[in-house]
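Protein chains in written order, with the numbering used here: chain H, 31 to 424; chain F, 8 to 397.
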């Protein structure tokens, strides 16, 4: 039995965020139908990495979904979408404030058709607030999320995180919001609107920065790889790469000094407690450690610390982590036989339920593979389907 | 009033990852009972900064929860936990793998007492393999997962994502898993385990480079802020700080070029050419932008379709009209620290207002209240205190 196997979702989005959210939901059993533009469909169909001329990226994000072509920007297309609504529990989409409303398919329009509809919308800044219609890209919306100001080296350029973390947080919030609304619908029979923004989502990950500033005026800004709460919690260059260390308790600090022959630092009154170690860390403790740790290889530091219970790790490259025995043992990568591509390796869904397991991977749909069936279901006659095709509505 | 009203969570979480998850459960009305060590409680209580000797860090992720102190190793302490779990709905933990089993509160043990429990755990490196026994922290997970290696500039070292995403993202995925499990329990009455690992969560962020390597053998590492697909799209230095700008197409480029008075040259005529010549272009853009503060530079593009945003810092964000309009900055009256600003709830459900005005608990603030609800007499509670069980 699958957790969400009675749930039908329409997904009007393109690219990463909402597709990822509906992929999580389809993995746990929901039936997801993508609505795609008739002229080429989701732009992610062209996104790298490619194999045999098709996108592995798209294939990964849209595993096991259905595809219906429909141009919702046409009047006829919008009407067809409205006819589809009664057959679905949830609609997920990506749109700026006002965009769907202008086409007559905003939340209120669709709610009039199906009062308990769950309507989840994703945008850069959200559906409300003074900036809701400000032009944006992922990069510029992230710039308003503070996490960017907190990432990178002090005095140098801020860094837009390279994994699309803002999109991944947004996707997880959107999927969570949908399931929360499904739970609430079970309790009260109501539908609702879920309004997720990229800026809000990335802002939610800035840790204790607002509390630190508003209580004692401490500004959390980028500090390299150092964490301001405890020290040494940082990355150091080694003789053959980089190593990360996370000393968070007094006991860990003492053991850290023992295994790396730093007895003098252990005795040093400046570093006797966490408050002392984190005070002016960048100018005091960090330079001393940087000089001492370069003598070791990254695995030497890892092994010495790890066996003593001190959190630490060599900085791994993509090949190193992908092929690490631990990655395979814990199922982070799955190997699958794709009908379309042959053998493939994919990252697995990163949360695991013991009873209602995620469904195995299967290929993403060809563009429009489920259009005819869907049109039939909502009562559109064969001739009409042909006419709509000719007019590029579907 | 939230959709989790009446739901009881026994919360063994500590530090950041687990508390980030259970925070949302409290937001939507669940009673979250946090189990803390008698001697000092959650280690985050010792993490700075402090005001009036209270951790602003702890306050950030524990608002609206209840705190009971408990010695989980003692027989009496375990009995209290069993009493609590008997009518609980969800158990959360981010102890390293095996710890809860040692305390007699592993899933198999708890299932005996409460068969439909949702038992949600975060571990660091997974539950299988030799790494499973080690404790994990965010920077270690960022390092190991490959996130650090792909983040930053090609000619500089690997760069940690500033905030501890290894914790919060893992906590968020646990929340998603709990919600799916909860929905399933509503339908069927069946409980289950939900498991997320910090390493697996961050590894999952790397879809693109992992897909490239695993299927095409191509290795991707860090490459800075500039887009690979459109130019100019990058972060630029201004007179006082930085600004992010994305110019998406040729007509926007024309507008952008005119606003900044950049040269009208063949070298920038198409997106492809601007991509090829982007390092020179960046220098020219920054030459112009050094005359403006980030705020002034952002205003240059008002009324156009060009995406431009100053890189916002924490102080400014707390006054930002957009974030305020979205309830993303909230103020809680903390009984120890006074007013404290925290991040609001980004989920925005139209029919559920999150409860975000409650402070975090002091250590053991609700011990007596909870024990009395479980039927413990005042005398018994005194005895438990005297024996350091609570």
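Think of the CB as a built atom: it goes at the ideal place given N, C-alpha and C, for glycine as much as any other residue.
Range of the contiguous beta strand (DSSP E) that encloses residue i
{"i": "residue 143/H", "result": "Residue 143/H -> not in any beta strand (DSSP E); alpha helix (DSSP H) instead, spanning 137-143."}
{"i": "residue 112/H", "result": "Element bounds for residue 112/H: not the beta strand (DSSP E) but the alpha helix (DSSP H), 105-114."}
{"i": "residue 305/F", "result": "Premise fails: residue 305/F lies in the alpha helix (DSSP H), 301-307, not in any beta strand (DSSP E)."}
{"i": "residue 249/F", "result": "249-253"}
{"i": "residue 244/F", "result": "240-244"}
{"i": "residue 367/F", "result": "Neither: residue 367/F is in no beta strand (DSSP E) and is coded neither H nor E."}
{"i": "residue 74/F", "result": "73-76"}
{"i": "residue 97/H", "result": "96-99"}
{"i": "residue 150/F", "result": "Taken as a continuous stretch (DSSP letters only), residue 150/F belongs to no beta strand (DSSP E), being part of the alpha helix (DSSP H) at 145-152."}
{"i": "residue 344/H", "result": "342-344"}
C-alpha distance - residue i paired with residue j, whole-angstrom precision
{"i": "residue 32/F", "j": "residue 216/H", "result": "17 angstroms"}
{"i": "residue 274/F", "j": "residue 243/F", "result": "20 angstroms"}
{"i": "residue 57/F", "j": "residue 320/H", "result": "28 angstroms"}
{"i": "residue 68/F", "j": "residue 173/F", "result": "15 angstroms"}
{"i": "residue 254/F", "j": "residue 262/F", "result": "9 angstroms"}
{"i": "residue 370/F", "j": "residue 356/H", "result": "37 angstroms"}
{"i": "residue 332/F", "j": "residue 177/H", "result": "19 angstroms"}
{"i": "residue 193/F", "j": "residue 42/F", "result": "26 angstroms"}
{"i": "residue 168/H", "j": "residue 357/F", "result": "25 angstroms"}
{"i": "residue 130/H", "j": "residue 264/H", "result": "46 angstroms"}
{"i": "residue 283/F", "j": "residue 350/F", "result": "41 angstroms"}
{"i": "residue 313/H", "j": "residue 170/F", "result": "21 angstroms"}
{"i": "residue 152/F", "j": "residue 344/H", "result": "10 angstroms"}
{"i": "residue 292/H", "j": "residue 212/F", "result": "36 angstroms"}
{"i": "residue 69/H", "j": "residue 100/H", "result": "10 angstroms"}
{"i": "residue 412/H", "j": "residue 89/H", "result": "30 angstroms"}
{"i": "residue 258/F", "j": "residue 395/H", "result": "34 angstroms"}
{"i": "residue 109/F", "j": "residue 98/H", "result": "52 angstroms"}
{"i": "residue 381/H", "j": "residue 348/F", "result": "31 angstroms"}
Nearest-angstrom beta carbon gap, residue j and residue i [assumed within contact, 8 angstroms]
{"i": "residue 75/F", "j": "residue 355/F", "result": "At roughly 32 angstroms, the Cβ-Cβ gap does not stay under 8 angstroms, so residue 75/F and residue 355/F are not in contact."}
{"i": "residue 205/H", "j": "residue 55/H", "result": "6 angstroms"}
{"i": "residue 123/F", "j": "residue 197/F", "result": "6 angstroms"}
{"i": "residue 321/F", "j": "residue 240/H", "result": "7 angstroms"}
{"i": "residue 192/H", "j": "residue 231/H", "result": "The pair is not a contact, with the Cβ atoms about 17 angstroms apart (cut-off 8 angstroms)."}
{"i": "residue 49/H", "j": "residue 91/H", "result": "4 angstroms"}
{"i": "residue 342/H", "j": "residue 332/H", "result": "6 angstroms"}
{"i": "residue 42/H", "j": "residue 140/H", "result": "Wrong, their Cβ atoms sit about 11 angstroms apart, outside the cutoff."}
{"i": "residue 240/F", "j": "residue 234/F", "result": "4 angstroms"}
{"i": "residue 383/H", "j": "residue 187/F", "result": "6 angstroms"}
{"i": "residue 84/F", "j": "residue 77/F", "result": "5 angstroms"}
{"i": "residue 59/H", "j": "residue 35/H", "result": "4 angstroms"}
{"i": "residue 101/F", "j": "residue 129/F", "result": "4 angstroms"}
{"i": "residue 1/F", "j": "residue 148/F", "result": "Nothing about residue 1/F can be reported from this structure: the residues present for chain F run from 8 to 397 only."}
{"i": "residue 63/H", "j": "residue 220/F", "result": "About 32 angstroms; that fails the 8 angstroms criterion."}
Continuous alpha helix (DSSP H) stretch holding residue i: start and end
{"i": "residue 210/F", "result": "205-210"}
{"i": "residue 320/H", "result": "315-323"}
{"i": "residue 265/F", "result": "257-267"}
{"i": "residue 194/F", "result": "172-195"}
{"i": "residue 230/H", "result": "228-233"}
{"i": "residue 217/H", "result": "195-218"}
{"i": "residue 92/F", "result": "82-93"}
{"i": "residue 244/H", "result": "239-246"}
{"i": "residue 171/H", "result": "168-173"}
{"i": "residue 48/H", "result": "47-57"}
{"i": "residue 322/F", "result": "321-324"}
{"i": "residue 390/F", "result": "385-393"}
Identity of the residues DSSP links to residue i by a beta bridge
{"i": "residue 202/F", "result": "382/H, 128/F"}
{"i": "residue 81/H", "result": "84/H"}
{"i": "residue 377/H", "result": "363/H"}
{"i": "residue 340/F", "result": "346/F"}
{"i": "residue 38/F", "result": "15/F"}
{"i": "residue 120/H", "result": "39/H, 148/H"}
{"i": "residue 314/F", "result": "253/F"}
{"i": "residue 356/F", "result": "224/H, 359/F"}
{"i": "residue 372/H", "result": "368/H"}
{"i": "residue 43/F", "result": "76/F"}
{"i": "residue 66/H", "result": "99/H"}
{"i": "residue 98/F", "result": "17/F, 126/F"}
Neighbouring residues, chain B, relative to residue i (Cβ below 8 angstroms)
{"i": "residue 161/H", "result": "The question asks about chain B, but that chain is absent: this structure's protein chains are H and F."}
- Item | In chain order, each beta strand (DSSP E) run of at least 3 residues that lies wholly inside the segment 260-313 of chain H | 263-268, 271-276
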